[in-house]
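Trainee: In the numbering used here, the protein residues as written are 7 to 227.
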């Protein structure tokens, strides 16, 4: 295949159009019009080659753009599910990609699972905190609140108040116990910093010996 035929074939493949047949003329009989047509074809081929060389980066950029769009969409969904801001979720995902070898997709999945679990725990905690103590006590005993009232002889309001008062007493006693433990630990630490028992006995023995020698010296004098 001659060079010009190859150029024509490349142009047809790129554009999808058939090129007009250009007679191959020798420089001796070629007119100025033929020469201009040949030059124009060469310029078109060069442009097509440049475009084909740039195709790979364009495709890569398009793929990256699609990944970023998916990342933005997924992070927004996670933010709505977790009740957090979009910026906070996006930063959490990017932090995973910088601190671990995880890809953007893997980091997104990790953050989704973590925040989904946090949302479930928060919902359960809120539901539990909104439930009265007396109802939780009745459920723990496998009874209804009415059955618990009949068993104890108290109303639900009285039971609730008794539980709250008992909790306060227990909390107060725990605080007192913690303070007492702290005082005992401090005193023990101070004792350990003093003179050890063995050393103290040695000093007392040396002091007694010294007094005995003084007494003997007085008797001799």
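No residue lacks a Cβ here, since even glycine has one placed at the ideal position from N, Cα and C.
Taking 7 Å as the threshold (beta carbon to beta carbon), is residue 166 in contact with chain D?
Mentor: The displayed structure is made up of one protein chain only, and chain D is not part of it.
Trainee: Give me the Cα-Cα distance between residue 128 and residue 121, rounded to the nearest whole angstrom.
Mentor: Taking the first residue of the chain shown as position 1, residue 128 is located at position 122. Taking the first residue of the chain shown as position 1, residue 121 is located at position 115. Cα to Cα, residue 128 sits roughly 10 Å from residue 121.
Trainee: Taking Cβ positions, are residue 162 and residue 140 nearer each other than 7 Å?
Mentor: As a position in the chain shown, residue 162 is number 156, starting the count at 1. As a position in the chain shown, residue 140 is number 134, starting the count at 1. Yes, these two residues count as a Cβ contact at 7 Å.
Trainee: Are residue 108 and residue 117 close, meaning C-beta to C-beta below 7 Å?
Mentor: Working through the chain shown from its first residue, we reach residue 108 at position 102. Working through the chain shown from its first residue, we reach residue 117 at position 111. It is not a contact, given that the beta carbons lie outside the stated cut-off.
Trainee: Between residue 110 and residue 99, what straight-line distance do the alpha-carbon atoms span, to the nearest angstrom?
Mentor: Sequence index remark: in the chain shown, residue 110 carries index 104 (1-based). Sequence index remark: in the chain shown, residue 99 carries index 93 (1-based). Roughly 7 Å separates the two Cα atoms.
Trainee: So, with DSSP's three-state summary, where would you put residue 31?
Mentor: Counted from its first residue, the chain shown places residue 31 at position 25. Caution applies to residue 31, whose pLDDT of 47 falls short of 50 and renders its modelled position unreliable; the model cannot decide the point.
Trainee: Buried or exposed: residue 172, going by 16 or more other Cβ atoms within 10 Å of its Cβ?
Mentor: For this step, residue 172 is matched to residue 166 along the chain shown. Burial call: exposed.
Trainee: Within 10 Å of its beta-carbon, does residue 189 have 16 or more other beta-carbons around it, so buried, or fewer, so exposed?
Mentor: Position 183 of the chain shown, counted from the first residue, corresponds to residue 189. By the 10 Å Cβ count, residue 189 comes out exposed.
Trainee: Under 8 Å Cβ to Cβ from residue 160, same chain only, skipping five residues before and after it: list those, please.
Mentor: Locating residue 160 in the chain shown gives position 154, where the first residue counts as 1. Excluding sequence neighbours, residue 160 sits near 168.
Trainee: Taking only three categories from DSSP, how would you classify residue 104?
Mentor: Position 98 of the chain shown, counting from 1, holds the residue named residue 104. If DSSP states are grouped into helix, strand and coil, residue 104 belongs with the helices.
Trainee: Would you kindly work out how many angstroms separate the C-alpha atoms of residue 75 and residue 81, rounded to a whole number?
Mentor: Here residue 75 corresponds to residue number 69 of the chain shown, with the count starting at 1. Here residue 81 corresponds to residue number 75 of the chain shown, with the count starting at 1. Cα to Cα, the separation comes out at about 10 Å.
Trainee: Within this structure, are the beta carbons of residue 157 and residue 138 separated by less than 7 Å?
Mentor: Counting from 1 along the chain shown, the entry for residue 157 is found at position 151. Counting from 1 along the chain shown, the entry for residue 138 is found at position 132. Cβ distance not < 7 Å, so residue 157 and residue 138 don't count as in contact.
Trainee: Rounded to whole angstroms, what's the CA-CA distance from residue 182 to residue 146? Just pull it up for me.
Mentor: For the purposes of this step, residue 182 is taken as the residue at position 176 of the chain shown. For the purposes of this step, residue 146 is taken as the residue at position 140 of the chain shown. Roughly 29 Å separates the two Cα atoms.
Trainee: Exposed or buried, residue 175, counting other C-beta atoms within 10 Å across all chains shown (16 or more means buried)?
Mentor: Position 169 of the chain shown, counted from the first residue, corresponds to residue 175. It is exposed - the Cβ of residue 175 has fewer than 16 other Cβ atoms within 10 Å.
Trainee: Secondary structure at residue 43, three-state DSSP: helix, strand or coil?
Mentor: Residue numbering aside, residue 43 sits at position 37 when the chain shown is read from its first letter. Residue 43 falls in the helix class under three-state DSSP.
Trainee: DSSP state of residue 90, grouped into three classes?
Mentor: Against the chain shown, residue 90 aligns to sequence position 84. Correct three-state label for residue 90: coil.
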